[in-house]
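*Asks:*
Residue numbers (my numbering): 9 to 260.
Okay, here's the thing in structure tokens:
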């Protein structure tokens, strides 16, 4: 009696049928460590890689059974991100929620790109699915998203995510995040915050000019207005943050 054989799982986004996907015909199979199959083409992987896809390509045999590569260290979720980055495809299924674990999973997948000779910034481009997915975390996890951008030198992502860091106190940058960002991007973050504050301070430090006296606004009233301006601005400047809007103004 024959036993039932469980079918081998195949990635829904990287199956053998490439019609309508915009991908070239598949001629190799990548197998993740959890035994999920991914159909890809050798030319695309070699085109983006500067180390022959970690020395695994090209395959010399044309036999289908020999055109399989077992990637024993890659989980299917990470291999999915790696291939989505290379091919620039959008997944058929809905993407996961925007929690910190999903961001870390994306980061781990992107982390395999340089191992296979693919600079992340060469494939994680603005408006690509992976770029958009990463940026979607910025409103909730601005520092973590900015750190991912630095870690893989994705400058466009760092620029896009930086505005979301403005409401955050720089004291929230812990040692782990600072290490991940590195000195260059950490300095950029501090400069962004300090320049925003300095610009605001310069704008607020300019008190109202005197003008010709009128019946309703004589020199005495103008002098009092300047004093009240300076008092009010001193309080605002002391408490201002880089991303804080000034919504309340003292009446003069």
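Every residue, glycine too, gets a C-beta built ideally from N, C-alpha and C.
1. Can you check whether the CB of residue 152 is closer than 7 Å to the CB of residue 193?
2. Does the region 113–129 touch the region 87–98, meaning 3 or more C-beta pairs lie closer than 8 Å?
3. I believe residue 33 touches residue 44 by the beta-carbon criterion, under 8 Å. Please report the beta-carbon distance rounded to the nearest angstrom.
4. With respect to the beta strand (DSSP E) encompassing residue 36, which residues constitute its N-terminal and C-terminal limits?
5. Bridge partners of residue 78, per DSSP?
6. I think residue 38 touches residue 77, with their Cβ atoms under 8 Å apart; what is that distance to the nearest whole Å?
7. Pull up the DSSP beta-bridge partners for residue 46, would you.
8. Could you give the first and the last residue of the continuous alpha helix (DSSP H) run that contains residue 90?
9. In or out: residue 225 buried (at least 16 other Cβ within 10 Å) or exposed?
10. Taking 8 Å as the threshold, find out whether the region 142–149 comes into contact with the region 175–193 through three or more Cβ pairs.
11. The alpha helix (DSSP H) spanning residue 110 covers which residue range?
12. Can you find the residues in the same chain that come closer than 6 Å, C-beta to C-beta, to residue 218, ignoring five residues on each side of it along the sequence?
13. Please report the distance separating the alpha-carbon of residue 221 from that of residue 228.
14. Of all the CB atoms in chain D, is at least one closer than 7 Å to the CB of residue 17?
15. Using beta-carbon positions only, say whether residue 75 and residue 65 come within less than 7 Å of one another.
16. Closest to residue 179 by C-alpha separation, out of 161, 198, 133, would be which residue?
*Replies:* On the basis of the coordinates in this document:
1. no
2. yes
3. 20 Å between Cβ atoms; not a contact.
4. 36–39
5. 39
6. 5 Å
7. 38
8. 84–95
9. exposed
10. no
11. 108–123
12. 230
13. 9 Å
14. Annotation note: the requested chain D is absent from the structure, which comprises a single protein chain.
15. no
16. 198
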